[in-house]
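Peer 1:
In this note's numbering, the protein residues as written are 497 to 579.
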């Protein structure tokens, strides 16, 4: 009965554990960089080459263009958030 009152105090765990392993840090930077290239690259089309964008809209239509334009931008945004 008295043994339960005389327990040793628990030792605190060392806080040397990292949340992410070091090997995966390069992966997250790569995902971030890829996401930035996709997101900013799709958004710079209308700035850098507006005539090409207008030709593509006339060729395939406005809604298909918006879909093709939004897909890489959305993937880029997801990669930015993950990275």
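Backbone N, C-alpha and C define an ideal beta-carbon position, used for all residues, glycine too.
Mind checking residue 572: buried by the 16 CB within 10 Å criterion, or exposed?
Peer 2: That one is buried.
Peer 1: For residue 530, which residues of its own chain have a beta-carbon under 6 Å away from its beta-carbon, when the five flanking residues on both sides are left out?
Peer 2: Hits under 6 Å: 575.
Peer 1: Looking at residue 563: is its Cβ nearer than 8 Å to the Cβ of residue 527?
Peer 2: Not closer than 8 Å, so no.
Peer 1: Looking at the structure shown, is residue 557 part of a helix, part of a strand, or coil, going by DSSP?
Peer 2: In this structure, residue 557 counts as coil in the three-state DSSP scheme.
Peer 1: On a CA-only basis, which of 521, 565 and 554 is nearest residue 539? Give me that one, please.
Peer 2: With distances taken between Cα atoms, residue 539 lies closest to 565.
Peer 1: Can you tell me the Cα-Cα spacing of residue 525 and residue 546, whole angstroms?
Peer 2: The straight-line gap from Cα to Cα measures roughly 31 Å.
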